[in-house]
Amino acid sequence: MQLVHLTDLHFGCEDKHALAAAAKYIADLKPDAVIITGDVSKDGLAVELDNACAWMRDLAAPVMMTPGNHDVPYYEMWGRLAYPWTRFRNASHGIQTQAWHTQLFSIVPVNTARAWQFRFNWAQGEISRGQTAIAAAELQKAQPGALRILITHHPLAWPNDAPIKGITRGGERGLEKLIDAGAELFLSGHLHFASARLVGTRALSVVSGTLSQRVRHEPCAFTVIRRPLEDTIEAEVIYIVQGVCETASIRQFRLNAPLEPGAPAVVHAQA
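Its first residue numbered 252, the sequence shown is counted upward by one per residue in my numbering.
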């Protein structure tokens, strides 16, 4: 099984060379699915969302996505209040946006973006108790042996070394509940920063970089996810440098590894 995780395309300030390189990589790899975790537009304009989704439909693999905070009418207060997701829904026809179950994987999306919030930075994420319960129930539909994946735009728990600081409301609680419900892999974006880390011993959290001009401390990037063994997930970070895809790192993480001194959870790393 191979999955390509893209995020933060930000059409409107997209990096056209990075998009072309990613599309070619996907055409050559022929992954089982492409997963896109939000912020596909810059300002939530219809033309940006339409162009982003047209690009996705041309990819040589089935696509699943969930929205981000930039996919609402970003600078239109009335639009954010009255029709926050209408443009996103209209643009996304033909693209998977609901839970997707196969023999290889179950992908459950949760929309952590909000059109507005009672806090200064409304662009940060939130997962409610209701969303957590619905996602947990959906994970129970996974076929035996399928990799159980939860996708959000905002990380439920932000990495300590993230280039921007913030918090997803309800994230830590939701993360624990969803792992208890069987989630093994969490995919997210928002940070424009590649990261992969174990959450306890039972799940892996992966954040991918951006394919836009809004880079932070690293070039445009995406992640390839593989499952070489039932208890092992491999994350390969791909940098795009001058329009060329290059492997930046490959790490394999063992889930449910015993917490014994010297027992490695990262079973293989290559940079």
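Glycine included, each C-beta is placed from N, C-alpha and C at the ideal position.
Residues bridged to Phe437 (per DSSP): Phe437 is bridged to Leu401 and Ser456.
message: Which residue wins for smallest C-alpha separation from Gln354, given the options Ala387, Gln375, Ala397 and Trp367?
response: Nearest of Ala387, Gln375, Ala397 and Trp367 to Gln354, Cα basis: Ala397.
- request: Decide if Trp367 is buried, meaning its Cβ has at least 16 other Cβ atoms within 10 Å, or exposed.
  value: Exposed, by the Cβ-count rule.
field: Arg448 vs Asn507 beta-carbon contact at 8 Å
entry: In this structure, Asn507 does not lie closer than 8 Å to Arg448 by Cβ.
query: If you scan the stretch 254-320 from start to end, which runs of the beta strand (DSSP E) of 3 or more residues do you find wholly inside it?
result: For the stretch 254-320, the full-length beta strand (DSSP E) segments reaching 3 residues or more read 284-288 and 314-317 along the chain.
- prompt: Leu426 to Leu436, Cα distance in whole Å?
  reply: Using only the alpha carbons, I get a separation of about 11 Å.
field: Three-state secondary structure (DSSP) of Arg365
entry: Look at Arg365 here: in three-state DSSP terms it is coil, with no helix or strand label.
- prompt: Anyone know if the C-beta pair for Asp322 and Gly345 falls short of 8 Å?
  reply: Taking the C-beta atoms as reference points, Gly345 is found no nearer than 8 Å to Asp322.
field: Thr498 in three-state terms, based on DSSP
entry: In the structure shown, Thr498 sits in a strand (DSSP, three-state: E or B).
message: Since Thr403 and Gly376 should fall inside the 8 Å C-beta cutoff, what is the C-beta to C-beta distance between them, to a whole number of angstroms?
response: Indeed, because the Cβ distance is near 7 Å, the residues count as touching under 8 Å.
- prompt: Does the stretch 311-331 come within contact of the stretch 490-498, defined as at least 3 CB pairs closer than 8 Å?
  reply: Output reads no: the stretch 490-498 does not touch the stretch 311-331.
According to DSSP, residues forming a beta bridge with Pro406: Its beta-bridge partners do not exist; DSSP assigns none.
field: Residues near Arg399 in its chain [Cβ-Cβ closer than 6 Å; skip 5 each side]
entry: Result list for Arg399: Ser357, Leu390, Ala393, Gly433, Ala434 and Glu435, in chain order.
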